[in-house]
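In our numbering, the protein residues as written are 10 to 195.
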């Protein structure tokens, strides 16, 4: 006895134009790169909260800036009242340099610089490890959110790779103009 095949539950995938695909990939790239800005901003907010003796902090921020804040506080206490502000200012400057570097990773990642994703993810990965091994007890929640942020960064990096392939295919087909040659100093 012949049976007709059951209707497929899979819906056909809509055809996406190259321009639509490019826009989607650019949005994913920007979304991934924007995590660097969030890391920087939330780390600065954490430092401000620490200076204000608040019990609140963000788990997305950098652990290294929290370590610097804690060390500045403890060293300032040990050195005495006249040194507290100097040590805190030194810690604040160190934090500004670190978060500035992460903000620059965001700038360069948005400019489609692959190295910014790699170096930024590597440093943020090391920071994730610091959340496990620096304090008396591991901060598992902060570590988990570090992994979520790294996943977002990886998504942006993957979108960058797909954009590069799409751009090359569009150049080959004549839709995009050829890429200008790179000039290297002699």
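For glycine and all other residues, C-beta sits at the position ideal for the given N, C-alpha and C.
**Item:** Distance CB(residue 74)-CB(residue 110) smaller than 9 Å
**Value:** no
**Prompt:** What's the C-alpha gap between residue 126 and residue 28?
**Reply:** 24 Å
**Request:** Taking only runs that begin and end inside the region 103-184, name each unbroken alpha helix (DSSP H) of 4 or more residues, in chain order.
**Result:** 123-142, 149-181
**Request:** Would you kindly check if the distance between the Cβ of residue 159 and the Cβ of residue 133 is under 9 Å?
**Result:** yes
**Request:** Taking all protein chains shown into account, decide if residue 44 is buried (16 or more other Cβ within 10 angstroms of its Cβ) or exposed.
**Result:** buried
**Request:** Inspect the CB distances between the region 40-57 and the region 67-83 and report whether three or more fall short of 8 Å.
**Result:** yes
**Three-state secondary structure (DSSP) of residue 38** = helix
**Cβ shell of residue 151 (< 6 Å), same chain only, five flanking positions each side left out** = 68, 140
**Terminal residues of the alpha helix (DSSP H) in which residue 81 lies** = 72-88
**Message:** Is the separation between the beta-carbon of residue 94 and that of residue 56 shorter than 9 Å?
**Reply:** no
**Request:** Between the Cα of residue 36 and those of 135, 166, 174, spot the shortest distance and give me the residue it belongs to.
**Result:** 166
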